[in-house]
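In this note's numbering, the protein residues as written are 1 to 89.
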Ligand SMILES: [Zn+2]
């Protein structure tokens, strides 16, 4: 019983990243949330992927329209990108 439950709850890294991206677009079902939460507790690479994905989503939601217009002066662009990168632990 316990082993079968763990087989149901354990997901691959591929499935975890799929759920991370799905979560950014729509709410996950309760079972998907549990599966993802368990996976992220056990898998550091996917935990970092989720943090980076969240950072990119937040950056995209922020007002960054000026970065999307073409410009030959990239100094401002470089500085803004560097400032938007979250510090590493
Ligand atoms: Zn993983």
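Just so you know, even glycine gets a beta-carbon here, dropped at the ideal spot from N, CA and C.
Practice problem: Tell whether a beta-carbon distance below 8 Å holds between residue 11 and residue 48. | Solution: no
Quiz item: Where does residue 26 fall in DSSP's three states?
Solution: coil
Practice problem: Would you please state the rounded distance, in angstroms, between the beta carbons of residue 24 and residue 57? I believe it to be under 8 Å. | Solution: 5 Å
Quiz item: Is it right to say residue 35 is buried, meaning 16 or more other beta carbons lie within 10 angstroms of its own, or is it exposed?
Solution: Flag for residue 35 reads buried.
Quiz item: Can you list, in chain order, the residues of its chain whose CB lies under 7 Å from that of residue 17, leaving out five sequence neighbours each side?
Solution: 46, 49
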